[in-house]
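Chain order of the listed sequences is Z and H. Quick note, the first sequence lines up with residues 1 to 152 if you use full-length UniProt numbering. Quick note, the second sequence lines up with residues 1 to 289 if you use full-length UniProt numbering. Here is the structure we will look at, set down as structure tokens.
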Amino acid sequence: MSDALRNENDKPSRPRGSTRRRVIRRGLGTVAAVSGTAAALRPMLTARAGGDATALAEPPAAVEAAPVPGAGAALFDEVYRGRRIQGFSSAGDAGVDIRIDGRALGVMRRVDGSFISMANHYQPFPTALGTARAAVDQIGRAQLSANAEHHH
Amino acid sequence: MYTRINQRHLTSTQRARFVEAVLELKRMGSYDQYVVTHAKYFAADGESGLRVAHMAPTFFPWHRRFLLQFESDLRMLDPGVSLPYWDWTVDNSKDSPLWGPDFMGGDGRDSDGQVMTGPFAYQTGDWPIRYGVTDEKFLTRNLGRPYHPIKLPTRTELSNALGNPVYDVAPWNSAPTTKGFRNTIEGWTVSDTKGGYLHNRVHQWVGGHMVGGTSPNDPVFWLHHAFLDLVWDRWQRKHPRSSYLPAKPLSAKVPEHGRVISADEPMPPWNEKPSQWFDHRRYYRYEES
Numbered sequence: 001m002s003d004a005l006r007n008e009n010d011k012p013s014r015p016r017g018s019t020r021r022r023v024i025r026r027g028l029g030t031v032a033a034v035s036g037t038a039a040a041l042r043p044m045l046t047a048r049a050g051g052d053a054t055a056l057a058e059p060p061a062a063v064e065a066a067p068v069p070g071a072g073a074a075l076f077d078e079v080y081r082g083r084r085i086q087g088f089s090s091a092g093d094a095g096v097d098i099r100i101d102g103r104a105l106g107v108m109r110r111v112d113g114s115f116i117s118m119a120n121h122y123q124p125f126p127t128a129l130g131t132a133r134a135a136v137d138q139i140g141r142a143q144l145s146a147n148a149e150h151h152h
Numbered sequence: 001m002y003t004r005i006n007q008r009h010l011t012s013t014q015r016a017r018f019v020e021a022v023l024e025l026k027r028m029g030s031y032d033q034y035v036v037t038h039a040k041y042f043a044a045d046g047e048s049g050l051r052v053a054h055m056a057p058t059f060f061p062w063h064r065r066f067l068l069q070f071e072s073d074l075r076m077l078d079p080g081v082s083l084p085y086w087d088w089t090v091d092n093s094k095d096s097p098l099w100g101p102d103f104m105g106g107d108g109r110d111s112d113g114q115v116m117t118g119p120f121a122y123q124t125g126d127w128p129i130r131y132g133v134t135d136e137k138f139l140t141r142n143l144g145r146p147y148h149p150i151k152l153p154t155r156t157e158l159s160n161a162l163g164n165p166v167y168d169v170a171p172w173n174s175a176p177t178t179k180g181f182r183n184t185i186e187g188w189t190v191s192d193t194k195g196g197y198l199h200n201r202v203h204q205w206v207g208g209h210m211v212g213g214t215s216p217n218d219p220v221f222w223l224h225h226a227f228l229d230l231v232w233d234r235w236q237r238k239h240p241r242s243s244y245l246p247a248k249p250l251s252a253k254v255p256e257h258g259r260v261i262s263a264d265e266p267m268p269p270w271n272e273k274p275s276q277w278f279d280h281r282r283y284y285r286y287e288e289s
């Protein structure tokens with residue numbers, strides 16, 4: 001755990017949603033969203049109107065080849081604060097598989113369609129993309145642990 | 001029978017003995033099993049399966065039983081120790097002695113959230129994080145969430161929640177329309193400005209490990225939940241004609257059948273009825289102040 005990795009300055013006028021832990025330059029990655037993923041979201045959920053609009057709004061220009069074996073359609077793939085965040089539709093309970101630099105982030109779905117993640121377990125976010133970004137805000141430069149996925 | 005007291009009234013000796021028992025449990029490896037158990041029983045209501053610890057009526061009895069088991073472990077090591085509670089409506093500042101270097105230790109540092117003071121700081125060698133959300137081995141906090149500040153719940157917010165005479169209502173979940181006492185206290189409703197409500201907002205206010213899926217890594221978890229356990233007591237005293245709901249197993253016709261536990265159904269992992277835990281006075285009492 002080298003402090004040299006962490007001690008860059010995090011100066012004032014931080015954008016909303018940043019944390020004091022953030023030491024990373026702001027990523028300017030592109031959201032690569034895919035149409036047709038709404039069907040992959042769990043229909044039983046009474047998702048709020050527009051709940052996943054952020055992740056689903058734009059048809060894709062080009063989606064990078066999914067590096068996650070067996071993953072479903074890509075919902076987003078961007079660099080956020082220096083971390084690569086990806087979301088894929090999934091047949092699992094949460095309906096989405098989120099990765100940060102390739103490592104799986106444990107995610108659960110609430111009855112109103114919002115998500116909680118292992119990084120923000122007591123704070124739901126309405127979209128999968130928002131959940132992934134907030135997890136990066138929370139963990140900073142740390143790597144997700146191999147046991148960060150949920151086990152039921 | 002023993003008492004649980006407000007952490008602000010602990011003597012320095014009591015503070016030291018509590019800390020020492022917790023550290024000893026950590027050395028033995030038992031402490032980390034509580035971290036794992038809590039994560040294992042945290043299920044969400046937008047998915048399938050049984051929920052016991054959160055987003056469910058058993059929120060109170062499950063945590064009561066969980067705390068009692070932990071406390072029993074501590075008392076095996078030191079019979080003079082009991083769980084103190086943290087009344088966050090009163091001790092609502094990061095300057096509270098709760099966060100003193102002889103007790104919980106202080107806030108995380110700016111760069112990486114690492115707690116640098118007190119008995120649970122990484123450099124003491126006594127508190128390595130073994131089951132974390134990340135690979136980091138040190139305890140983290142972010143008191144008050146300075147990047148997007150929130151305040152701990154107030155006395156008024158708590159007393160408003162306590163005014164609700166109905167323990168829980170169908171469909172027994174975390175939806176904002178589920179307006180019973182239990183769901184209000186759990187506090188899943190999202191507000192950008194205020195954060196969640198009571199229980200959830202305290203997890204958010206402490207930050208770091210406390211807001212993640214391995215929250216018992218922060219020993220303040222136990223003090224927070226001891227207070228919620230007392231809050232359940234207060235609600236019972238205030239509404240003597242109210243009781244835990246659902247009282248009976250749910251009909252197989254309703255969607256929540258098999259997903260929540262009524263008063264006399266077995267509650268895992270102990271397979272004890274919630275009704276066995278409506279009254280804790282054969283074990284401990286609270287000395288309120």
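Each residue gets a CB set at the ideal place from its N, CA and C atoms; glycine is no exception. Because the structure is a prediction, the values reported are computed rather than measured.
(request) Going by CA-CA distance only, name the one from H:ARG259, H:LYS248, H:TRP205 that's closest to LEU50 (chain H). (result) H:ARG259
(message) Using C-beta distances below 6 Å, list every residue in its chain close to ILE139 (chain Z), excluding the 5 sequence neighbours before and after it, in chain order.
(response) ALA119
(message) Taking contact to mean 3 or more Cβ pairs, one atom from each stretch, closer than 8 Å, check whether the segment 133-140 of chain H and the segment 108-123 of chain H are in contact.
(response) yes
(message) For a quick check, are the C-beta atoms of GLY234 (chain H) and LEU152 (chain H) less than 8 Å apart?
(response) Gly is not the amino acid found at residue 234 (chain H); the sequence shown has Arg there. The answer is no: Cβ separation not under 8 Å.
(request) Step through the CB atoms of chain Z and report whether any lies within less than 8 Å of the CB of ASN271 (chain H). (result) no
(request) Determine, using beta carbons only, whether ASN142 (chain H) and GLY195 (chain H) come nearer to each other than 8 Å. (result) no
(request) Please say whether ASN6 (chain H) and ASP95 (chain H) have beta carbons closer to each other than 8 Å? (result) no
(request) Quick one: grab the DSSP three-state call for MET108 (chain Z). (result) strand
(message) So, with DSSP's three-state summary, where would you put ILE5 (chain H)?
(response) strand
(message) For GLU186 (chain H) and ARG27 (chain H), I'd like the C-alpha separation in whole angstroms.
(response) 32 Å
(request) Taking 8 Å as the threshold, find out whether the segment 261-278 of chain H comes into contact with the segment 240-250 of chain H through three or more Cβ pairs. (result) yes
(message) According to DSSP, ASP97 (chain Z) sits in a beta bridge with which residue or residues?
(response) Z:PHE88
(request) Report the neighbours of LEU144 (chain Z) on chain H: residues whose CB is nearer than 8 Å to its CB, in chain order. (result) VAL133, THR134, ASP135
(request) Could you run through the segment 37-48 of chain H and flag, in chain order, every residue whose CB is less than 8 Å away from some CB of chain Z? (result) ALA39, LYS40, PHE42, ALA43, ALA44, ASP45, GLY46, GLU47, SER48
(request) Could you tell me whether the Cβ of ILE139 (chain Z) comes closer than 8 Å to any Cβ of chain H? (result) yes
(request) Look at the alpha carbon of LYS238 (chain H) and the alpha carbon of ASP137 (chain Z), and state the distance between them as a whole number of angstroms. (result) 41 Å
(message) Quick check on the burial criterion: 16 or more other C-beta atoms within 10 angstroms. Buried or exposed for residue 291 (chain H)?
(response) Only positions 1 to 289 of chain H appear in the structure, and residue 291 (chain H) is not among them; the question remains open.
(request) Taking HIS203 (chain H) as the query, report the chain Z residues whose CB atoms sit under 7 Å from its CB, ordered along the chain. (result) TYR122
(message) In this structure, how does DSSP classify PHE138 (chain H) when only helix, strand and coil are distinguished?
(response) coil
(message) With a threshold of 8 Å between beta-carbons, can ALA104 (chain Z) be considered close to chain H, or not?
(response) no
(message) Against TRP188 (chain H), what residues of chain Z qualify as contacts under a CB-to-CB distance less than 8 Å, listed in chain order?
(response) ARG110, PRO124
(request) Have a look at PRO171 (chain H) and LYS40 (chain H) and give me their C-alpha separation to the nearest angstrom. (result) 23 Å
(request) Might you give, ordered along the chain, the residues of its own chain that have their beta carbon closer than 8 Å to the beta carbon of ASN200 (chain H), omitting 5 neighbours on each side? (result) GLU186, GLY187, TRP188
(message) Whole angstroms are fine: how far does the CA of LEU67 (chain H) sit from the CA of HIS225 (chain H)?
(response) 8 Å
(request) Assess, as a yes-or-no matter, whether the segment 272-282 of chain H is touched by the segment 62-76 of chain H under the definition of 3 or more beta carbon pairs within less than 8 Å. (result) yes
(request) Could you spell out where the alpha helix (DSSP H) holding ALA74 (chain Z) opens and where it closes? (result) Not the alpha helix (DSSP H): ALA74 (chain Z) falls in the beta strand (DSSP E), residues 74-80.
(message) Taking 8 Å as the threshold (beta carbon to beta carbon), is GLY144 (chain H) in contact with chain Z?
(response) no
(request) Determine which residues share a DSSP beta bridge with LEU67 (chain H) and list them. (result) Beta-bridge pairing links LEU67 (chain H) to no other residue.
(request) Please classify MET116 (chain H): does DSSP put it in a helix, a strand, or coil? (result) coil
(request) Check distances from the C-beta atoms of the segment 157-175 of chain H to those of chain Z and list, in chain order, the residues that come in under 9 Å. (result) PRO171, ASN173, SER174, ALA175
(message) For a test of the three-state rule: what should DSSP assign to GLY108 (chain H), helix, strand or coil?
(response) strand
(request) Would you give the residue range spanned by the alpha helix (DSSP H) that PHE125 (chain Z) belongs to? (result) Looking at the DSSP string, PHE125 (chain Z) is not in any alpha helix (DSSP H), and its letter there is neither H nor E.
(message) Is there a C-beta anywhere in chain H that falls below 8 Å from the one on ALA132 (chain Z)?
(response) no
(message) In the DSSP assignment, the beta strand (DSSP E) including residue 375 (chain H) goes from what residue to what residue?
(response) Here chain H covers residues 1 to 289 and nothing more, so residue 375 (chain H) does not appear.
(message) What does the Cβ neighbour count give for GLU78 (chain Z), buried or exposed, with the cut at 16 atoms within 10 Å?
(response) buried
(request) Answer yes or no: do ARG99 (chain Z) and GLU47 (chain H) have a C-beta to C-beta separation smaller than 8 Å? (result) no
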